[in-house]
Each structure stands twice: as structure tokens, then as C-alpha cells.
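Encoded as C-alpha cells, the structure appears first; notes follow it.
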Amino acid sequence: MISLRVKITNYQLPITHYPLPITHYPLPIPYSLFPIPMKALFLHPNFPAQYRHIITTLGADPNNQIVFGTKNERPEWSIPGVEKAVFNPSREPSADTHQYVRVLESAVLQGQAVFRMAEQLKAKGFVPDIICGHSGWGPTLFVKEAFPNTPLLCYFEWFYHAEGSDADFDPSDPLSIDDKARIRVKNTPILIDLYSCDWGLSPTHWQQSQFPPELREKISVLHDGVDTSYFKPNPGAKLVLPNLDLSGVEELVTYVGRGMEPYRGFPEFIEAVAYIQERRPKCHVVVVGSERVCYGKPLPNGMSYKDYMLKKIPLDLSRIHFVGPLAYGQYLQVIQASDVHIYLTRPFVLSWSMIESMSTGCLVLGSDTAPVREVIQDGVNGLLVDFFSPKQIADRVDQVLDHPDRMAQLRVKARETALERYDLSKLLSKHLQLITQVANRSLPATVGRVESAMVLG
1 MISLRVKITN YQLPITHYPL PITHYPLPIP YSLFPIPMKA LFLHPNFPAQ
51 YRHIITTLGA DPNNQIVFGT KNERPEWSIP GVEKAVFNPS REPSADTHQY
101 VRVLESAVLQ GQAVFRMAEQ LKAKGFVPDI ICGHSGWGPT LFVKEAFPNT
151 PLLCYFEWFY HAEGSDADFD PSDPLSIDDK ARIRVKNTPI LIDLYSCDWG
201 LSPTHWQQSQ FPPELREKIS VLHDGVDTSY FKPNPGAKLV LPNLDLSGVE
251 ELVTYVGRGM EPYRGFPEFI EAVAYIQERR PKCHVVVVGS ERVCYGKPLP
301 NGMSYKDYML KKIPLDLSRI HFVGPLAYGQ YLQVIQASDV HIYLTRPFVL
351 SWSMIESMST GCLVLGSDTA PVREVIQDGV NGLLVDFFSP KQIADRVDQV
401 LDHPDRMAQL RVKARETALE RYDLSKLLSK HLQLITQVAN RSLPATVGRV
451 ESAMVLG
């Protein structure tokens, strides 16, 4: 029987914000002490992904043996006590494979590579007490063939639908029958994992609600957590970055994304900026992120959405600043200095950045879509807008900037929401508890469920 005790210490951890390069900051990291050593195998194509804090915690205990299986080794980043094991698919999916099943072939190839890696680990005497893996890309598909007696805890981030969520959200971009068929088949490795795993978790109620009802009760709701001691308010903060000094700016609007794409409302955001610039000559806008598409389809001509939108919508480029991906500390400066932070998303996976912004006391203006409504109540801890209405976005920016005193309580409530529901120091211990329970094959259906103000639909 594996049990868990938690102690708090300070540790300098090299980490990366989801869209951003590696830096360092002081983070209070709990580390676990087990009465008996724990062997754990984590699986994700990228290192360390959602498991960053968990593996740092477990790796800090010298009694544990923690192995992270990954396709992208990232040799510039190591975590004490965590051994990397690299899996390499034997080939890429064939161009001759039927278009509906290319994603499935890719998952099978990754699953095969993980199986070979697992057999090598087993030959060295490593048999894990628990396997934790991200479902969808394929690493978890065949790991039970290598370790049939080891419990598997899957991270279920998303289940795809042709109707009612992200794929058909934009009425101007209807799905073809080929699109719908590909989406249906894309769920195949996820469904196999749902059947094969001993337990699963999803970070939000909205994301869990996308999974089939007959299997949904196998999935706990447990957010990754936000370090609220790092993402905290800095009243009166002014933004000064290398090559960009906005310390004298009176009004600052911010936008953060991994990329610049329709899934995260980038075109609507740029159209809103045109209204904002016309109405508010003293307002500056800062955009953090890369000129790429992370979710959804790229433009057929290869142009970036940034270039496309700036060609379509004339803006005063002296008052909109595309700063690219930033180091964690610089990203923190941006959201601490923000007067209003715009976060738009289709009904899809919720970004860490929205809750990180709320944790700093940002006034978040979010899209009125299900993943955002799970966190933000309009007029209580933020403001909601029609995703497809740039004018309404600009109107609400006016509302915030014209009435700062009236909006002060929303900022306080935003911070309280992050502290009460998404604080890493609370949720990390729940993750460790869930891992321990799955390792012991003790699976209470209510583990990790959190209170929610979500309104679906």
C-alpha cells in the first residue's frame, strides 16, 4: 500500500509558460515522502507538459524512481530526480494512408515506440507502480501490454465532436463530410484509452462533459493548478520590456496566446482593436504569442493570421505591439500591468493564461463560451462578450477603462476565484492523492471534483 505525506519547501524550478521559452522563478514546491519507494512512469510527447509540478514533487523524494517517457527530450531542461526515456516512432504516417485514419496511424506508431521503450525499461528492472499518460497522441495505447499489472491514469484533455463544440462553432466555415469523418475517427485512440485505463482526469467540467456519458464517470475533474503565489497582483505596475517601454502609457489592453488563430479569436480581436484605437487615442495594445496556428486550420496561402489581419484591417502600428513569445517573468509583467485582458476561445480547451491573468487581479474580458463561463461570471469576477462581436468587445473595453473604480471589485473577485478554485498549492496535493489512490486501485468517483459556476450550452 502506497501512502502519501506532503511537506512544503522552496525550490528553484526551471519552468516554461505553456506558449513561452524556459526561464526560472522561485516556486513553492511540495515534495512527497512515501513510506515505501514509488516507481512512476509518465508519458507525453512533450516534456514535461501538464506533469511539470507533479514530477518535480515526486522527483524531489530520493526514495522515488520517476521516469518520463517523451518524444521530445528537450535536453536543455532537466528536473532533479526525473529520468527521461525517449521513444522514437519508426516512421511518419504514410501519405498513402486514407485521410480519415492518418491521425490513428500516427497514434499507433507512437504507441509502438512507447511499447519498445517500456520493454527496455523492464529489461533494466523498472516496473512502475503507476503509469500516468496523456491520451490522444498514442503513447498510452499499448503500455498495458508491457505492464499489464500496473494501473494506468490517463489525462483526458479533449474528446472531439463534429457538432456542438469547437469544430462547427464558426458558421462561416462549415464542415465537409470528410471533416466530420476525420473528427469521428480522431477519437479512436482516446476511446481505446478510456476502455483500457484504470482511471482518468480532465482539468475542467466543460472538458469532461465532452466525453461519452457512459464513460464520463471514470474521469475525475481536477485542474492542473496555477501558482497564485507567483501570479499575484502588483498594484501600479508599469510595463517595461527589452526594446519596449510602456511605462508612460495611460491605458493598456493585453492579449496572450500560444499562436494567433481563429480558435482563440485572433481575427475578432484585431477587428476590436480597430474600434479601440479609433475611440481611445491613448490606448496601447500588447500581443504575446507566436505567428503560428496551434489549433485549427492554417490559411491556404500560407500567410500568417497576423499578416492577413493587418493587411485586412488598417491599424496604428505604433500603438499595437507584437512582442512574440516571452520569458515567464516578462509575461507576468505584461498581465500585471494590464488594464484589461482579452481572452477569446471557441468552445474548446481552456488556456492556463486566462486563470493566470485572473490570479494577478486582471480584469479579464472573456468570450461568452462554455469553457470561459465555467470560471467567469459576467459582472462578478470578469466580463463576458460575444465571441463574434468585435464592436461589443470594444464597447466593454470602454466600460472597463472609463470606470476603473467600478471595476475594482471584479479584479478582487478574479483573484479570489483563482485562490479558491485553482491554487496550485491546494490542487497539487489532490493530484498526488489521486495518483496514490489509482496506484492502490482505490478509485472513489468524486476524487478531485471542484465547485463550478459553469453554464453549459
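Heads up: the sequence shown begins at 1 in the UniProt record's numbering, then just goes up one per residue.
Yeah, the Cβ is synthetic: ideal placement off N, Cα and C, and Gly gets one too.
Separation of ALA162 and GLN377 (C-alpha to C-alpha, rounded to the nearest whole angstrom) is 28 Å. SER220: member of the beta strand (DSSP E) spanning 219 to 221, first to last residue. Between LYS430 and ASN381, the CB-CB gap reaches or exceeds 9 Å. Counting only the Cα atoms, PRO390 lies some 13 Å from ASP368. Between LEU141 and VAL108, the gap from beta carbon to beta carbon is short of 9 Å. Positions of the beta strand (DSSP E) runs, each at least 3 residues long and wholly inside the region 351 to 433, are given as 364 to 367, 383 to 385 in order along the chain.
In the DSSP assignment, SER202 falls within the beta strand (DSSP E) that extends over 199 to 202. In this structure THR345 touches TYR263 by the C-beta definition: roughly 7 Å separates them, less than 8 Å.
Of all alpha-carbon atoms in HIS321, VAL323, THR254, the one lying nearest the alpha-carbon of SER357 is that of THR254.
Between HIS53 and ASP224, the gap from beta carbon to beta carbon is short of 9 Å. Annotation for LEU152: the continuous beta strand (DSSP E) segment containing it runs 152 to 155. Cβ neighbours of CYS197 within its own chain (closer than 6 Å, five residues either side excluded): LEU152, CYS154. Taking C-beta atoms as the reference points, TYR305 and VAL293 count as a pair closer than 9 Å.
For VAL285, the enclosing beta strand (DSSP E) begins and ends at 283 to 288. For PHE266, the enclosing alpha helix (DSSP H) has its first and last residue at 266 to 279. Distance from the Cα of LEU222 is smallest, within the candidate group VAL438, TYR422, ARG441, for TYR422.
Contact between GLN99 and ARG182 holds: CB atoms are separated by about 7 Å, below the 8 Å threshold.
In the three-state reduction of the DSSP assignment, THR228 falls in the coil class. Listed in chain order, the beta strand (DSSP E) elements of length 3 or more contained wholly in the region 121 to 149 are 130 to 134.
The beta carbon of ILE355 is closer than 7 Å to those of VAL226, VAL375, ALA418, TYR422 in its chain, skipping five residues each way along the sequence.
Nearest in C-alpha terms to ARG184, of all of TYR160, TRP206, GLN207, is TYR160.
For VAL334, the enclosing alpha helix (DSSP H) covers residues 328 to 337. In this structure LEU104 is not in contact with PRO212, their Cβ atoms being roughly 18 Å apart against a cut-off of 8 Å. Remark: C-beta atoms of GLN112 and PHE156 do not approach each other more closely than 9 Å. Membership of GLY324 in the beta strand (DSSP E) is indicated by the continuous run 320 to 324. When DSSP reads this structure, LYS39 sits in a beta bridge with GLN65. If the five residues before and after GLN330 are omitted, its C-beta is found closer than 7 Å to the C-beta atoms of LEU241, all from its own chain and listed in chain order. For the 9 Å CB-CB criterion, GLY200 and SER135 form a contact. The beta carbons of ARG280 and ASP398 sit closer together than 9 Å. Using a 10 angstroms sphere on the CB of ASP166, the tally of other CB atoms reaches 16 or more, which defines it as buried. Looking at the backbone, the Cα of ILE192 and that of ARG91 are separated by about 22 Å.
With contacts defined as CB atoms closer than 9 Å, ALA370 and ALA272 fail to qualify as a contacting pair.
In its chain, beyond the 5 residues on either side, ASP368, GLN392 have a beta carbon closer than 7 Å to the beta carbon of ASP386. Taking C-beta atoms under 8 Å as the contact rule, GLU73 and VAL86 qualify, at a distance of about 5 Å. A direct Cα-to-Cα measurement between ASN301 and SER290 gives close to 18 Å.
For HIS205, the secondary structure class from DSSP, reduced to helix, strand or coil, is helix.
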